[in-house]
Amino acid sequence: MQANVKVVGDTKKSFLTGNEAVTWAALAAGAEMMFGYPITPQNEVMHYWTRLAPKYGRGFLQTEDEISAGFTVCGAVQAGTKAFTATAGPGNVLMQEPFGMAEAMRLPLFAVIQQRGGPSSGTVIYSQQEVALTTYGGNGEGHRIVYSTATHQEIYDYTIKGFNTAWKYRFPTFLLGDGYQAKMREPLEMYDPEERGIEIVPTYPLLGLEGHIGENREPQHLCNIYSLEEELYDVVLRFAEEYEKISPELIEYKENQCDDADIIILSHGVVSRAADDAVKALRAQGIKAGSFRPITLRPFPQAQLREAIAKSGAKKMLIAESAYGQLDRLTKQEIYGETIKIENLFKPGVGIIDYDIINKIKSML
Amino acid sequence: MFIYTDNERVVEAYVGEYASGKSEMAINRALELSSQGRRVTLVDLDTVEPFYTLRPLKEFLEGLGLNLISFSTEDAFGLGETGAMLNPRARWALYNEGDIILDIGYGVYGAQALNLVEGASESKELQILAVINSTRPMTNSQERIAEYLQELGHVDAIIANTHLGDETTLEIIMEGNEEIIAVAKRLNIPVAFIAAEEKFAAQLIELNTDIPVKFIKRYMPAAMW
Amino acid sequence: MITPAVPKSWYLPSKPHKFCPGCGHGIVLKALGETIDELEIQDKTIFGCDIGCSLLSWDFFACDSTQTHHGRTTPVMVGIKRARPELITIGYMGDGGGYSIGSQHLLNAAVRNENVTLILVNNTNYGMTGGQMAPTTLPGQKTETTPYGRDPELTGYPTRGPEFLTELTPEGAYIARATVSKYKQLRRFLRNALRNQMEGNGFSFVEVLSTCPTNWRTNAQQTWRFLEDEMEPYFPVGELKSPFGKGGDK
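Chains as they are written, first to last, in our numbering: chain A, 101 to 465; chain B, 897 to 1121; chain C, 287 to 536.
This is how it looks when you write it as structure tokens:
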């Protein structure tokens, strides 16, 4: 089954929570199976999926834990089925094992992460503390694609895009949201992808192929473990090369009034909304601020950020995040060598509003 | 729709989908009654997200003279996990004096959440109001609204509350509510009123529908969701 | 030179196989290969193997095969079967993968009566990692992590998997314990376990008592003696639950 079934019908604006937006977008993208385990704040993805899935002939399994949810997705996508999962916090920790397998076997796995507070069980509410885990978690090299959304419209758009990216490039793909985005209500435009000319990337099986073994096809033997260093080395280098090759096509970012900025605010996800509001307010007060937001945290728009720094001649940058330096570290490793002075606004597990950023910027001048 | 005498108390439960506007309706109703000098208790019966809904507004609403049964930020501090749970005071809400406004959270059990409230099933005072927003995907066509109402269980009346948050327009209100009213007619459920943000007052009054229009203030944006 | 008959479903480029001399895996996999041939399911079989010695079978069959993680073969097979019910999924694992690190998956797949066939090879130790104690190590048995013999006071008694799975599964499930010392019976149990999945009755599980001379440090005679005289009395062989009736055969 593919996305030929119209899920949405006439495009119109709807009023939704972020979790519901994930479900509707997954349906519209032709997702066939969800495997999940309850954890706040992603529960309503499952709630709405289980309400809607039978109406559209889609499947669901509530597994015994997140490890199993991740591995059942790995199995289902190997069988050629568009499957996904959603999780948060400690569930994201447990899923690093199957996510690693998806990296190693190049499985088109798509997962939605609604960040909650950490470390440990933390809070069920909100944070941006799963950046390191989602981009570079697991015992691998972070060959993953991570979209950090800021609005419900983006949750909808990037859920559809996320499935496509996963199936086109076969690197595990993530939509990184957070508890605020999960629970907030906001209008957005739902649509069937075909209506927008978005082509749904077809799925295909890696196992259970057509034909007769020994007559017209060979058996498939899929690997993730190798006997010798050299075997693994070749595999990882090949993945790295492919990842770097496709990165320019994947990188997405938003730049706001950086051309003449004296100071650049760098943030991602829902915090970037506060950053944009802050830029507006600061500009009104004669302070030349601009903002830069990576939409893909992996691959990171490093060349584009360097360019924004260069063309603006900005001397200072503020990195604001609801974590204690995860975006900060990611950014610094990506723009190594830049001499722009970086200051921070770290509020781990707590929301950041425009007022917080404005005050911080003023203290930096 | 509902007219109460002074010695009769108002007991109303607001049920609806996520983002239908049930909390907003409940708050507006509670403040309306309280402004008439009545004693009003507003009860947060959202068992799914008791720490998300009315909590951030608790102090503000208490400042306006309401008696609030909901978790406060202080209650939540040190509680450990803040997940689905029922505030024990909510169970006995009907035993409070004066008017009672219940804000019922979403869930597959719909209005059955009222089973959690002591005395609700025997109450002759209790009116159940279904808040419907036809920009919600699960209630965005006549067919879906009817299906939803049937799943909800018994309701005394419907509030037509079509809106799109900040992006609401007069057109959205009118078109969406028409669908709701049509279904209500078909299912023989009265429409208590059409709700609309007060900024639409001038435009809506001219429309002169046979269903009353009630103008509301939006408080929930301050609660973040 | 006489060439022994090999099952059609074996993948010849991977032969001779990679298991140690005297290892029971070869016998189990031969029986499985013959069963796949007999049931004519080679083209639609998905063979999934766990980490540990069972992983050495990853390219054993000319069937679509996939490697998983230690203990995670069960959920991968469940995912495949849920996605494509027409496929025949066979999960192949050791006692550590099934009864220890993957026990929550095994238990819950059984409770849900997942329509997959799982084969668990019990050789009373972790072979690939160098002979540590497994959930199935016998009382008093020496391993690299029980150098003075397994003390049930400290580490409990050996896990009897088919027994607990029998309790957990509804009617329709097939649960058996076989041994590499009784080849015909092993073949019959594997056939029943696969037929059960093909008929859509539900969860099918066969534990196979097997040998590990490398880690047991036994010669041929001692190996066989340990299997028949030590293991089989502790782990009774037979069908514990079968939709085909007691001793039934399909």
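All C-beta atoms, glycine included, are put in the ideal place defined by N, C-alpha and C. Here the structure is a predicted model, which is why all the values come from computation and not from measurement.
Look at the segment 262 to 291 of chain A: the residues with a C-beta under 8 angstroms from a C-beta of chain B are Tyr280, Lys283, Met284, Arg285, Glu286, Pro287, Met290. Per DSSP, Lys301 (chain C) is not a residue of any beta strand (DSSP E), being assigned neither H nor E. For Ala1053 (chain B), the enclosing beta strand (DSSP E) covers residues 1053 to 1056. Within its own chain, the residues whose Cβ lies closer than 8 angstroms to the Cβ of Val379 (chain A), once the five positions on either side in sequence are excluded, are Asn356, Gln357, Ile365, Ala389, Gly390, Ser391, listed in chain order.
With its beta carbon at least 8 angstroms from every one in chain C, His243 (chain A) lies outside the interface.
Within chain C, the residues Gly365 have their CB atoms less than 8 angstroms from the CB of Val173 (chain A), given in chain order.
Between Pro1086 (chain B) and chain A, the shortest Cβ-Cβ separation is not below 8 angstroms. DSSP places Ser327 (chain A) outside both helix and strand once states are collapsed to three, so it counts as coil. Within the segment 907 to 926 of chain B, the residues whose Cβ lies closer than 7 angstroms to any Cβ of chain A are, in chain order, Tyr914, Ala915. Per DSSP, the continuous beta strand (DSSP E) segment holding Ser114 (chain A) begins and ends at 112 to 117. From the listed residues A:Ser168, A:Tyr424, A:Asp428, the smallest Cα separation to Leu418 (chain A) is found for A:Asp428.
Looking at the DSSP output, Pro448 (chain A) sits in no beta bridge, so it has no partner there. Residues of chain A whose Cβ lies closer than 9 angstroms to the Cβ of Asn1029 (chain B) are, in chain order, Phe115. Cβ contact annotation for Thr359 (chain C) (same chain, cutoff 6 angstroms, sequence separation greater than five): Gly334, Asp336, Gly377, Met379, in chain order. Minimum Cα-Cα distance from Lys432 (chain A) among the listed residues A:Thr163, A:Leu161, A:Gln402 corresponds to A:Gln402. At the C-beta level, Gly319 (chain C) and Ser295 (chain C) come within 8 angstroms of one another. In the three-state reduction of the DSSP assignment, Pro394 (chain A) falls in the strand class, which pools E and B. The Cβ of Asp165 (chain A) sits closer than 8 angstroms to at least one Cβ of chain C.
When only Cα atoms are considered, Arg285 (chain A) and Ser114 (chain A) end up about 10 angstroms apart. With 16 or more other CB atoms across the displayed protein chains lying within 10 angstroms of its CB, Asp995 (chain B) is buried. According to the DSSP assignment, Asn963 (chain B) belongs to the beta strand (DSSP E) that extends over 963 to 965. Contact of His355 (chain C) with chain A by beta-carbon distance below 7 angstroms involves Glu197, Met201. Across the set B:Gly912, B:Ala1009, B:Phe1111, B:Tyr991, the C-alpha of B:Ala1009 shows the shortest separation from the C-alpha of Met981 (chain B). Cβ-Cβ distances below 6 angstroms link His391 (chain C) to Thr360, Pro361 in the same chain, with the five nearest sequence neighbours on each side left out; the list follows chain order.
Contact check for Asp329 (chain C) against His321 (chain A) fails: the beta carbons are separated by 8 angstroms or more. Linking Asp377 (chain A) to Asp454 (chain A) through their CA atoms gives a straight-line distance of about 6 angstroms. Judged by DSSP secondary structure, Phe171 (chain A) falls outside any beta strand (DSSP E) and instead within the alpha helix (DSSP H) spanning 166 to 178.
When the alpha-carbon of Pro399 (chain A) is set against those of A:Tyr236, A:Ile457, A:Leu465, the nearest one is in A:Tyr236. By the Cβ test, the segment 166 to 182 of chain A is not in contact with the segment 239 to 258 of chain A, since fewer than three Cβ pairs between them sit closer than 8 angstroms.
Glu913 (chain B) is positioned such that its CB atom lies no closer than 8 angstroms to that of Tyr1115 (chain B). Tyr412 (chain C) places its beta carbon less than 8 angstroms from that of Gly338 (chain C). Taking a C-beta distance under 8 angstroms as the contact criterion, Thr422 (chain C) and Thr445 (chain C) qualify as a contact pair. Judged by their CB atoms, Asp278 (chain A) and Gln196 (chain A) are not nearer to each other than the 8 angstroms cut-off. Counting the other Cβ atoms within 10 Å of the Cβ of His355 (chain C) gives 16 or more, which makes it buried.
Across the set C:Lys367, C:Arg503, C:Gly531, the C-alpha of C:Lys367 shows the shortest separation from the C-alpha of Thr331 (chain C).
About 6 angstroms separates the Cβ atoms of Asn399 (chain C) and Thr455 (chain C), confirming a contact at the 8 angstroms cut-off.
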